[in-house]
Amino acid sequence: MTAIQPATATKPRYEILDGLRGVAAVIVVIFHLFETYSKGLPYQILNHGYLAVDFFFVLSGFVVGYAYDDRWSRGMTFGAFCKRRIIRLQPLLVFGTLIGGLLFFMGADHPAFQSLIDTPWWIVCLLVIWGGTVLPIPPSWDVRGWVETNPLNGATWSLMWEYVANLVYALVLRRLGLRTLSILAVLAAALTFTVCMNLEPFGILEARAYAAYTIVGGWSLSPDQILMAFSRLAYPFIIGLIISRVATLKINIPRHGFVACALVLAAILVMPRVGGDNPTNFWMNGLYETISILLIFPVVIMMGRGSTVAGEKYEGLCKFLGNISYPLYVTHYPLIYMQMSWAATHPDAPLGTHIFMGVSYFILAVGLAYAAMKLFDEPVRAWLSAKFLTKSKKKQALR
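Residues in the sequence shown are numbered consecutively from 90, following the numbering used here.
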(Lines of atoms letter the chains of each structure in order from A and count residues from 1; the text may use other names and numbers.)
(Lines give C-alpha, C1' and ligand atoms only; values in the text may rest on other atoms or scores of the structure.)
Protein backbone atom coordinates (compact mmCIF):
# COMPACT_ATOMS: atom_id res chain seq x y z
CA MET A 1 0.00 0.00 0.00
CA THR A 2 2.97 2.24 -0.46
CA ALA A 3 3.14 5.09 -2.96
CA ILE A 4 5.88 4.70 -5.54
CA GLN A 5 8.48 7.29 -4.68
CA PRO A 6 11.64 7.06 -6.79
CA ALA A 7 14.96 7.35 -4.98
CA THR A 8 16.27 9.81 -7.54
CA ALA A 9 14.75 12.24 -9.97
CA THR A 10 16.09 10.15 -12.89
CA LYS A 11 13.84 7.23 -12.02
CA PRO A 12 10.48 7.13 -13.77
CA ARG A 13 7.29 7.12 -11.78
CA TYR A 14 4.94 4.28 -12.61
CA GLU A 15 1.56 5.99 -12.60
CA ILE A 16 -0.22 2.83 -13.75
CA LEU A 17 0.94 0.93 -10.68
CA ASP A 18 -0.32 3.79 -8.51
CA GLY A 19 -3.68 3.53 -10.25
CA LEU A 20 -3.83 -0.25 -9.87
CA ARG A 21 -3.29 0.06 -6.15
CA GLY A 22 -6.35 2.31 -6.04
CA VAL A 23 -8.42 -0.08 -8.16
CA ALA A 24 -7.59 -2.91 -5.76
CA ALA A 25 -8.46 -0.76 -2.72
CA VAL A 26 -11.85 0.18 -4.19
CA ILE A 27 -12.63 -3.48 -4.89
CA VAL A 28 -11.66 -4.39 -1.31
CA VAL A 29 -14.21 -1.90 0.05
CA ILE A 30 -16.97 -3.17 -2.27
CA PHE A 31 -16.04 -6.76 -1.42
CA HIS A 32 -16.44 -6.04 2.29
CA LEU A 33 -19.76 -4.27 1.73
CA PHE A 34 -21.10 -7.31 -0.14
CA GLU A 35 -19.60 -9.67 2.44
CA THR A 36 -22.18 -8.44 4.92
CA TYR A 37 -24.82 -10.32 2.92
CA SER A 38 -22.73 -13.41 2.19
CA LYS A 39 -23.84 -16.90 3.21
CA GLY A 40 -20.25 -18.14 3.10
CA LEU A 41 -17.10 -18.11 1.01
CA PRO A 42 -18.52 -19.94 -2.04
CA TYR A 43 -21.40 -17.45 -2.29
CA GLN A 44 -19.61 -14.14 -1.83
CA ILE A 45 -20.17 -11.47 -4.45
CA LEU A 46 -16.89 -10.18 -5.92
CA ASN A 47 -15.78 -13.55 -4.63
CA HIS A 48 -12.00 -13.18 -4.74
CA GLY A 49 -11.77 -9.61 -3.49
CA TYR A 50 -9.57 -10.81 -0.62
CA LEU A 51 -6.81 -11.56 -3.16
CA ALA A 52 -6.26 -7.80 -3.34
CA VAL A 53 -4.10 -8.22 -0.21
CA ASP A 54 -1.84 -10.64 -2.07
CA PHE A 55 -1.62 -8.16 -4.95
CA PHE A 56 -0.72 -5.39 -2.48
CA PHE A 57 2.16 -7.51 -1.18
CA VAL A 58 3.53 -8.03 -4.71
CA LEU A 59 3.30 -4.30 -5.29
CA SER A 60 4.94 -3.59 -1.93
CA GLY A 61 7.90 -5.80 -2.76
CA PHE A 62 8.34 -3.98 -6.06
CA VAL A 63 7.97 -0.53 -4.53
CA VAL A 64 10.37 -1.13 -1.63
CA GLY A 65 13.03 -2.58 -3.92
CA TYR A 66 12.57 0.13 -6.53
CA ALA A 67 12.60 3.00 -4.05
CA TYR A 68 15.27 1.84 -1.60
CA ASP A 69 17.67 -0.71 -3.11
CA ASP A 70 20.16 1.86 -4.37
CA ARG A 71 19.92 4.10 -1.30
CA TRP A 72 21.85 1.66 0.90
CA SER A 73 25.00 2.15 -1.18
CA ARG A 74 24.58 5.92 -0.78
CA GLY A 75 24.70 5.73 3.00
CA MET A 76 21.12 5.09 4.09
CA THR A 77 21.11 3.43 7.51
CA PHE A 78 18.69 0.91 8.98
CA GLY A 79 17.39 3.62 11.30
CA ALA A 80 16.77 6.03 8.41
CA PHE A 81 14.91 3.33 6.50
CA CYS A 82 12.70 2.59 9.51
CA LYS A 83 11.95 6.27 9.98
CA ARG A 84 10.81 6.59 6.37
CA ARG A 85 8.59 3.54 6.53
CA ILE A 86 7.05 4.54 9.86
CA ILE A 87 6.35 8.06 8.61
CA ARG A 88 4.72 6.62 5.50
CA LEU A 89 2.56 3.97 7.17
CA GLN A 90 1.94 4.88 10.80
CA PRO A 91 -0.06 8.14 10.78
CA LEU A 92 -2.99 6.69 8.85
CA LEU A 93 -2.84 3.45 10.82
CA VAL A 94 -3.25 5.49 14.00
CA PHE A 95 -6.05 7.50 12.39
CA GLY A 96 -7.91 4.39 11.23
CA THR A 97 -7.68 2.84 14.69
CA LEU A 98 -8.94 6.08 16.26
CA ILE A 99 -11.93 6.05 13.91
CA GLY A 100 -12.56 2.46 14.96
CA GLY A 101 -12.53 3.55 18.58
CA LEU A 102 -14.89 6.47 17.98
CA LEU A 103 -17.36 4.24 16.11
CA PHE A 104 -16.87 1.24 18.38
CA PHE A 105 -20.25 1.20 20.07
CA MET A 106 -22.18 2.09 16.89
CA GLY A 107 -21.92 -1.53 15.76
CA ALA A 108 -23.22 -3.00 18.98
CA ASP A 109 -26.69 -3.68 17.55
CA HIS A 110 -25.30 -6.55 15.50
CA PRO A 111 -26.18 -9.86 17.23
CA ALA A 112 -22.56 -10.99 17.03
CA PHE A 113 -21.28 -7.73 18.55
CA GLN A 114 -23.67 -7.18 21.46
CA SER A 115 -20.88 -7.86 23.94
CA LEU A 116 -19.47 -4.47 22.89
CA ILE A 117 -22.11 -2.78 25.04
CA ASP A 118 -20.51 -4.21 28.18
CA THR A 119 -17.02 -3.03 27.21
CA PRO A 120 -15.89 -0.14 29.46
CA TRP A 121 -14.85 3.04 27.73
CA TRP A 122 -11.38 2.88 29.24
CA ILE A 123 -10.82 -0.51 27.61
CA VAL A 124 -11.66 1.07 24.27
CA CYS A 125 -9.11 3.82 24.97
CA LEU A 126 -6.46 1.20 25.74
CA LEU A 127 -7.35 -0.63 22.52
CA VAL A 128 -6.93 2.61 20.55
CA ILE A 129 -3.48 3.17 22.04
CA TRP A 130 -2.37 -0.44 21.59
CA GLY A 131 -3.91 -0.81 18.13
CA GLY A 132 -2.23 2.38 16.99
CA THR A 133 1.16 0.76 17.51
CA VAL A 134 0.37 -1.96 14.89
CA LEU A 135 1.26 -4.61 17.48
CA PRO A 136 -1.39 -7.37 17.66
CA ILE A 137 -3.93 -7.20 20.45
CA PRO A 138 -3.49 -10.09 22.93
CA PRO A 139 -6.27 -12.72 22.55
CA SER A 140 -7.41 -11.95 26.10
CA TRP A 141 -8.31 -8.43 24.92
CA ASP A 142 -10.58 -9.67 22.14
CA VAL A 143 -13.73 -7.66 22.82
CA ARG A 144 -15.43 -8.30 19.47
CA GLY A 145 -15.17 -12.08 19.33
CA TRP A 146 -13.51 -12.32 15.92
CA VAL A 147 -9.98 -12.80 17.32
CA GLU A 148 -8.66 -10.01 15.09
CA THR A 149 -5.23 -8.51 15.71
CA ASN A 150 -7.03 -5.15 15.94
CA PRO A 151 -10.72 -5.42 16.92
CA LEU A 152 -11.21 -1.70 16.27
CA ASN A 153 -10.06 -1.92 12.65
CA GLY A 154 -9.75 -5.46 11.39
CA ALA A 155 -8.18 -4.62 8.03
CA THR A 156 -4.95 -3.42 9.65
CA TRP A 157 -3.75 -7.01 10.16
CA SER A 158 -2.04 -6.85 6.76
CA LEU A 159 -0.15 -3.70 7.78
CA MET A 160 1.43 -5.59 10.67
CA TRP A 161 2.75 -8.07 8.12
CA GLU A 162 3.78 -5.21 5.85
CA TYR A 163 6.03 -4.03 8.66
CA VAL A 164 7.40 -7.57 9.03
CA ALA A 165 8.23 -7.63 5.31
CA ASN A 166 9.95 -4.25 5.52
CA LEU A 167 12.08 -5.33 8.47
CA VAL A 168 13.07 -8.60 6.78
CA TYR A 169 13.95 -6.63 3.65
CA ALA A 170 16.13 -4.16 5.55
CA LEU A 171 17.91 -6.83 7.59
CA VAL A 172 18.20 -9.68 5.08
CA LEU A 173 16.58 -9.49 1.64
CA ARG A 174 18.33 -6.33 0.47
CA ARG A 175 21.67 -8.09 0.89
CA LEU A 176 20.74 -11.12 -1.22
CA GLY A 177 21.52 -11.59 -4.90
CA LEU A 178 19.01 -12.55 -7.56
CA ARG A 179 19.94 -16.23 -7.45
CA THR A 180 19.27 -16.51 -3.73
CA LEU A 181 16.08 -14.49 -4.00
CA SER A 182 14.92 -16.74 -6.83
CA ILE A 183 15.49 -19.83 -4.69
CA LEU A 184 13.50 -18.25 -1.87
CA ALA A 185 10.75 -17.35 -4.35
CA VAL A 186 10.51 -20.98 -5.51
CA LEU A 187 10.26 -22.20 -1.91
CA ALA A 188 7.64 -19.56 -1.11
CA ALA A 189 5.72 -20.49 -4.26
CA ALA A 190 5.66 -24.09 -3.08
CA LEU A 191 4.21 -22.92 0.23
CA THR A 192 1.52 -20.93 -1.60
CA PHE A 193 0.62 -23.98 -3.69
CA THR A 194 0.56 -26.19 -0.60
CA VAL A 195 -1.80 -23.87 1.29
CA CYS A 196 -4.12 -23.15 -1.64
CA MET A 197 -4.42 -26.85 -2.48
CA ASN A 198 -4.92 -27.94 1.14
CA LEU A 199 -1.83 -30.16 1.07
CA GLU A 200 -0.29 -28.95 4.35
CA PRO A 201 0.83 -32.17 6.11
CA PHE A 202 1.14 -30.98 9.72
CA GLY A 203 -2.55 -30.53 10.51
CA ILE A 204 -2.26 -26.79 11.09
CA LEU A 205 -4.93 -25.98 8.51
CA GLU A 206 -7.48 -28.34 10.02
CA ALA A 207 -8.73 -25.41 12.13
CA ARG A 208 -9.87 -23.61 8.98
CA ALA A 209 -11.88 -26.36 7.32
CA TYR A 210 -14.49 -23.64 6.62
CA ALA A 211 -12.03 -22.07 4.17
CA ALA A 212 -10.52 -25.08 2.44
CA TYR A 213 -8.75 -24.58 -0.89
CA THR A 214 -8.35 -20.83 -0.51
CA ILE A 215 -5.65 -18.44 0.68
CA VAL A 216 -8.08 -16.28 2.66
CA GLY A 217 -6.97 -15.64 6.26
CA GLY A 218 -4.20 -14.09 8.31
CA TRP A 219 -6.05 -11.68 10.60
CA SER A 220 -5.31 -13.36 13.94
CA LEU A 221 -2.48 -15.09 15.81
CA SER A 222 -3.66 -18.70 15.85
CA PRO A 223 -1.20 -21.14 14.21
CA ASP A 224 -3.36 -21.62 11.11
CA GLN A 225 -3.84 -17.85 10.66
CA ILE A 226 -0.12 -17.15 11.09
CA LEU A 227 0.64 -19.77 8.44
CA MET A 228 -1.90 -18.16 6.12
CA ALA A 229 -0.47 -14.69 6.65
CA PHE A 230 3.11 -15.82 6.10
CA SER A 231 2.18 -17.74 2.95
CA ARG A 232 0.35 -14.68 1.60
CA LEU A 233 3.32 -12.44 2.30
CA ALA A 234 6.39 -14.49 1.38
CA TYR A 235 6.09 -15.18 -2.34
CA PRO A 236 4.32 -11.95 -3.35
CA PHE A 237 6.84 -9.70 -1.59
CA ILE A 238 9.87 -11.60 -2.86
CA ILE A 239 8.66 -11.78 -6.46
CA GLY A 240 7.86 -8.07 -6.37
CA LEU A 241 11.39 -7.39 -5.14
CA ILE A 242 12.83 -9.53 -7.94
CA ILE A 243 10.79 -7.68 -10.58
CA SER A 244 12.11 -4.36 -9.25
CA ARG A 245 15.70 -5.54 -9.71
CA VAL A 246 15.44 -6.95 -13.23
CA ALA A 247 14.91 -4.13 -15.69
CA THR A 248 13.79 -6.49 -18.48
CA LEU A 249 10.85 -7.81 -16.45
CA LYS A 250 8.29 -5.50 -18.02
CA ILE A 251 5.55 -5.83 -20.61
CA ASN A 252 4.56 -2.95 -22.83
CA ILE A 253 0.91 -2.35 -23.64
CA PRO A 254 1.12 0.17 -26.53
CA ARG A 255 -2.27 1.78 -25.90
CA HIS A 256 -4.49 2.07 -22.85
CA GLY A 257 -2.08 0.21 -20.59
CA PHE A 258 -3.88 1.27 -17.43
CA VAL A 259 -7.25 0.08 -18.72
CA ALA A 260 -5.80 -3.28 -19.75
CA CYS A 261 -4.06 -3.79 -16.40
CA ALA A 262 -7.10 -2.66 -14.42
CA LEU A 263 -9.40 -5.01 -16.34
CA VAL A 264 -7.12 -8.00 -15.73
CA LEU A 265 -6.79 -7.18 -12.04
CA ALA A 266 -10.51 -6.57 -11.60
CA ALA A 267 -11.38 -9.79 -13.44
CA ILE A 268 -9.21 -11.81 -11.03
CA LEU A 269 -10.71 -10.16 -7.94
CA VAL A 270 -14.39 -10.34 -8.95
CA MET A 271 -14.28 -13.88 -10.37
CA PRO A 272 -17.02 -16.10 -8.87
CA ARG A 273 -15.97 -19.06 -6.76
CA VAL A 274 -14.29 -21.47 -9.18
CA GLY A 275 -15.91 -24.89 -8.89
CA GLY A 276 -18.97 -23.50 -7.11
CA ASP A 277 -20.13 -24.79 -3.74
CA ASN A 278 -19.60 -28.48 -4.50
CA PRO A 279 -16.89 -29.74 -2.10
CA THR A 280 -15.57 -32.16 -4.70
CA ASN A 281 -14.70 -29.18 -6.90
CA PHE A 282 -13.06 -27.00 -4.24
CA TRP A 283 -9.62 -27.91 -5.59
CA MET A 284 -10.45 -25.86 -8.70
CA ASN A 285 -10.64 -22.71 -6.59
CA GLY A 286 -7.32 -23.53 -4.92
CA LEU A 287 -5.69 -23.91 -8.32
CA TYR A 288 -7.25 -20.63 -9.51
CA GLU A 289 -5.84 -18.72 -6.54
CA THR A 290 -2.44 -20.38 -6.95
CA ILE A 291 -2.22 -19.29 -10.60
CA SER A 292 -3.47 -15.78 -9.77
CA ILE A 293 -0.85 -15.22 -7.05
CA LEU A 294 2.13 -16.98 -8.62
CA LEU A 295 1.68 -15.87 -12.22
CA ILE A 296 -1.02 -13.32 -12.99
CA PHE A 297 -0.29 -10.73 -10.29
CA PRO A 298 3.43 -10.55 -11.18
CA VAL A 299 2.49 -10.24 -14.85
CA VAL A 300 0.11 -7.36 -14.02
CA ILE A 301 2.96 -5.60 -12.20
CA MET A 302 5.22 -6.10 -15.23
CA MET A 303 2.47 -4.77 -17.51
CA GLY A 304 2.03 -1.69 -15.35
CA ARG A 305 5.77 -1.16 -15.20
CA GLY A 306 6.29 -1.45 -18.95
CA SER A 307 3.32 0.63 -20.12
CA THR A 308 2.63 4.33 -20.09
CA VAL A 309 -0.48 6.30 -19.24
CA ALA A 310 -2.39 7.47 -22.30
CA GLY A 311 -3.33 11.11 -21.81
CA GLU A 312 -3.80 13.56 -18.97
CA LYS A 313 -7.23 12.15 -18.09
CA TYR A 314 -5.85 8.72 -17.23
CA GLU A 315 -2.81 10.25 -15.60
CA GLY A 316 -5.04 12.26 -13.27
CA LEU A 317 -7.19 9.21 -12.55
CA CYS A 318 -4.15 7.10 -11.69
CA LYS A 319 -2.81 9.82 -9.43
CA PHE A 320 -6.10 10.15 -7.57
CA LEU A 321 -6.53 6.39 -7.18
CA GLY A 322 -2.94 6.03 -6.00
CA ASN A 323 -3.29 8.82 -3.45
CA ILE A 324 -6.59 7.57 -2.06
CA SER A 325 -5.70 3.86 -1.98
CA TYR A 326 -3.91 3.60 1.36
CA PRO A 327 -6.25 6.00 3.24
CA LEU A 328 -9.23 4.12 1.84
CA TYR A 329 -7.90 0.71 2.82
CA VAL A 330 -6.88 1.68 6.33
CA THR A 331 -9.99 3.67 7.30
CA HIS A 332 -12.92 1.84 5.68
CA TYR A 333 -13.39 -1.17 7.93
CA PRO A 334 -14.90 0.59 10.96
CA LEU A 335 -17.67 1.66 8.57
CA ILE A 336 -18.13 -1.97 7.55
CA TYR A 337 -18.82 -2.89 11.18
CA MET A 338 -21.55 -0.23 11.16
CA GLN A 339 -22.98 -1.50 7.88
CA MET A 340 -23.07 -5.06 9.23
CA SER A 341 -24.97 -3.83 12.26
CA TRP A 342 -27.48 -1.87 10.17
CA ALA A 343 -28.10 -4.80 7.82
CA ALA A 344 -28.57 -7.21 10.74
CA THR A 345 -31.14 -4.96 12.43
CA HIS A 346 -33.06 -4.20 9.20
CA PRO A 347 -33.38 -7.59 7.52
CA ASP A 348 -36.85 -6.77 6.19
CA ALA A 349 -35.90 -3.46 4.60
CA PRO A 350 -36.58 -3.29 0.84
CA LEU A 351 -33.76 -4.28 -1.48
CA GLY A 352 -33.57 -0.71 -2.73
CA THR A 353 -32.93 0.52 0.80
CA HIS A 354 -30.10 -1.96 1.28
CA ILE A 355 -28.58 -0.85 -2.03
CA PHE A 356 -28.93 2.79 -1.04
CA MET A 357 -27.24 2.16 2.31
CA GLY A 358 -24.43 0.19 0.69
CA VAL A 359 -23.76 2.97 -1.82
CA SER A 360 -23.92 5.53 0.98
CA TYR A 361 -21.37 3.65 3.05
CA PHE A 362 -19.09 3.43 0.01
CA ILE A 363 -19.34 7.17 -0.63
CA LEU A 364 -18.76 7.82 3.07
CA ALA A 365 -15.68 5.58 3.01
CA VAL A 366 -14.19 7.46 0.05
CA GLY A 367 -15.00 10.83 1.63
CA LEU A 368 -13.50 9.80 4.95
CA ALA A 369 -10.37 8.53 3.20
CA TYR A 370 -9.93 11.74 1.23
CA ALA A 371 -10.44 13.88 4.33
CA ALA A 372 -7.99 11.72 6.29
CA MET A 373 -5.42 12.11 3.54
CA LYS A 374 -5.73 15.88 3.16
CA LEU A 375 -6.47 16.98 6.71
CA PHE A 376 -4.38 14.48 8.69
CA ASP A 377 -1.96 12.27 6.79
CA GLU A 378 -0.31 14.82 4.51
CA PRO A 379 0.21 17.49 7.23
CA VAL A 380 1.41 14.94 9.80
CA ARG A 381 3.83 13.27 7.39
CA ALA A 382 5.16 16.65 6.28
CA TRP A 383 5.78 17.62 9.92
CA LEU A 384 7.41 14.30 10.76
CA SER A 385 9.58 14.41 7.65
CA ALA A 386 10.76 17.92 8.43
CA LYS A 387 11.50 16.98 12.03
CA PHE A 388 13.19 13.61 11.58
CA LEU A 389 14.28 13.12 7.97
CA THR A 390 15.76 16.58 7.37
CA LYS A 391 18.06 16.14 10.38
CA SER A 392 19.23 12.79 9.01
CA LYS A 393 20.13 14.37 5.68
CA LYS A 394 22.09 17.12 7.42
CA LYS A 395 24.03 14.55 9.44
CA GLN A 396 24.89 12.59 6.31
CA ALA A 397 26.08 15.77 4.62
CA LEU A 398 28.43 16.51 7.53
CA ARG A 399 30.05 13.09 7.37
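Backbone N, C-alpha and C fix where the C-beta goes; we use that ideal spot for every residue, glycine too.
Report task. Take Ala-454 as the anchor and find which of Ala-399, Tyr-103, His-345 and His-121 has the nearest alpha-carbon. Result -> Checking every option, the nearest Cα to that of Ala-454 belongs to His-121.
Query raised in the report: Quick one, which of Ala-300, Pro-436, Phe-145 and Phe-477 has its alpha-carbon nearest Arg-321's?
Result: The shortest Cα separation from Arg-321 among Ala-300, Pro-436, Phe-145 and Phe-477 belongs to Phe-145.
**Report entry** Simplified DSSP state of Val-363, which is helix, strand or coil
**Finding:** Reduced to three states, the DSSP call for Val-363 is coil.
Query raised in the report: Helix or strand or just coil, what does DSSP make of Val-335?
Result: Judged by DSSP in its simplified three-state form, Val-335 adopts coil rather than helix or strand.
**Report entry** Simplified DSSP assignment, three categories, for Ile-413
**Finding:** Here Ile-413 sits in helix by DSSP.
Query raised in the report: Does DSSP put Thr-420 in a helix, in a strand, or in coil?
Result: The DSSP-derived three-state label of Thr-420 is helix.
Query raised in the report: Alpha carbon to alpha carbon, what distance is there between Glu-251 and Ser-474?
Result: The alpha-carbon atoms of Ser-474 and Glu-251 are separated by roughly 21 angstroms.
Report task. Would you mind stating whether Ile-226 and Pro-240 have Cβ atoms separated by less than 8 angstroms? Result -> Yes. Within cutoff.
Query raised in the report: Looking at the structure shown, is Leu-487 part of a helix, part of a strand, or coil, going by DSSP?
Result: Its pLDDT being 35, under 50, Leu-487 is placed unreliably by the model, and nothing is read from it.
Query - Cβ separation of Thr-303 and Gly-375, assumed to be a contact under 8 angstroms, to the nearest whole Å - result: Yes, they are in contact, since the Cβ atoms of Thr-303 and Gly-375 sit about 7 angstroms apart, within 8 angstroms.
Query raised in the report: Quick one: any contact between the region 340 to 347 and the region 386 to 395, if contact means 3 or more CB pairs under 8 angstroms?
Result: Contact holds: three or more Cβ-Cβ distances are below 8 angstroms.
Query - Arg-174: first and last residue of the uninterrupted alpha helix (DSSP H) it sits in - result: Note, Arg-174: alpha helix (DSSP H), 167 to 191.
Query raised in the report: Given that a residue counts as buried once 16 or more other Cβ atoms are within 10 Å of its Cβ, and exposed if not, what is Asn-367?
Result: It counts as exposed.
Query raised in the report: So what does DSSP say about Gly-306, is it helix, strand or coil?
Result: It is coil, neither helix nor strand.
Query - Leu-224 versus His-421 - alpha carbon distance - result: Looking at the two C-alpha atoms, the distance is approximately 20 angstroms.
Requested in this report: State the Cα-Cα distance for the pair Asp-107 and Tyr-403, rounded to the nearest angstrom.
Outcome: Approximately 11 angstroms, taken between the alpha carbons.
**Report entry** Cα-Cα separation, Glu-104 to Leu-148
**Finding:** Each residue's Cα considered, the two are about 13 angstroms apart.
Report task. Give the DSSP-derived three-state secondary structure of Gln-203 in the structure shown. Result -> Helix at Gln-203.
Requested in this report: Rank Gly-129, Gly-447, Phe-326 and Phe-347 by C-alpha distance to the C-alpha of Ser-155 and give the top, closest one.
Outcome: A small correction: the amino acid at residue 155 is Tyr; Ser does not occupy that position in the sequence shown. From the listed residues Gly-129, Gly-447, Phe-326 and Phe-347, the smallest Cα separation to Tyr-155 is found for Phe-326.
Query raised in the report: Tell me which same chain residues have a C-beta within less than 6 angstroms of the C-beta of Trp-195, skipping the five on either side of it?
Result: Just to set this straight, residue 195 is Met in the shown sequence, not Trp. Closer than 6 angstroms at the Cβ level, and outside the excluded window around Met-195, lie Met-427.
Query - Cα-Cα separation between Thr-238 and Pro-200, rounded to whole angstroms - result: Whole-angstrom Cα-Cα distance: 21 angstroms.
Report task. Measure from the alpha carbon of Thr-479 to the alpha carbon of each residue in Arg-173, Arg-160 and Leu-310, then state which is nearest. Result -> Minimum Cα distance to Thr-479 is reached at Arg-173.
Requested in this report: Could you tell me which uninterrupted alpha helix (DSSP H) segments, each at least 4 residues in length, are contained entirely in the region 243 to 289, listed from first to last along the chain?
Outcome: Those alpha helix (DSSP H) runs which fall completely within the region 243 to 289 and span 4+ residues are 246 to 260 and 267 to 285.
Report task. Measure the alpha-carbon distance for Val-152 versus Ser-333 and round it to whole angstroms. Result -> When rounded, the distance between both Cα atoms is 7 angstroms.
**Report entry** Span separating the alpha-carbon of Val-448 from that of Ile-385
**Finding:** Approximately 30 angstroms between the Cα atoms of the pair.
Report task. Rounded to whole angstroms, what's the CA-CA distance from Ala-336 to Ile-175? Just pull it up for me. Result -> Each residue's Cα considered, the two are about 28 angstroms apart.
Query raised in the report: Gly-168 to Leu-256, Cα distance in whole Å?
Result: It is roughly 11 angstroms from the alpha-carbon of Gly-168 to the alpha-carbon of Leu-256.
Query raised in the report: Can you tell me whether Thr-85 is buried or exposed, with buried defined as 16 or more other CB within 10 angstroms of its CB?
Result: Residue 85 is absent from the model: the chain starts at 90 and stops at 488.
**Report entry** Residues near Phe-465 in its chain [Cβ-Cβ closer than 6 angstroms; skip 5 each side]
**Finding:** Excluding five sequence positions before and after Phe-465, the CB atoms of its chain that fall closer than 6 angstroms to its own CB belong to Phe-184, given in chain order.
Query raised in the report: Would the beta-carbon of Ser-204 fall within 8 angstroms of that of Gly-234?
Result: Yes. Within cutoff.
Query raised in the report: Hey, is Ala-298 close to the ligand COA, as in C-beta under 7 angstroms from one of its heavy atoms?
Result: As presented, the structure is devoid of all ligands, the ligand COA included, so that no description of it is given.
Requested in this report: Would you check if there are 3 or more beta carbon pairs closer than 8 angstroms linking the region 126 to 137 to the region 433 to 440?
Outcome: With a cut-off of 8 angstroms, the region 433 to 440 and the region 126 to 137 do not count as touching, because too few Cβ pairs lie within range.
Requested in this report: Inspect the beta-carbon positions of Tyr-459 and Ile-425 and report whether they are closer than 8 angstroms.
Outcome: With contacts defined by Cβ atoms closer than 8 angstroms, Tyr-459 and Ile-425 do not form a contacting pair.
Query raised in the report: In chain order, what residues of the same chain lie with their CB nearer than 7 angstroms to the CB of Val-118, ignoring the 5 residues before and after it?
Result: The beta carbon of Val-118 is closer than 7 angstroms to those of Leu-417, His-421, Phe-451 and Ala-454 in its chain, skipping five residues each way along the sequence.
**Report entry** Three-state class that DSSP yields for Gly-221 in the structure shown
**Finding:** Three-state result, Gly-221: coil.
Query raised in the report: Alpha carbon to alpha carbon, what distance is there between Ile-212 and Arg-160?
Result: About 42 angstroms.
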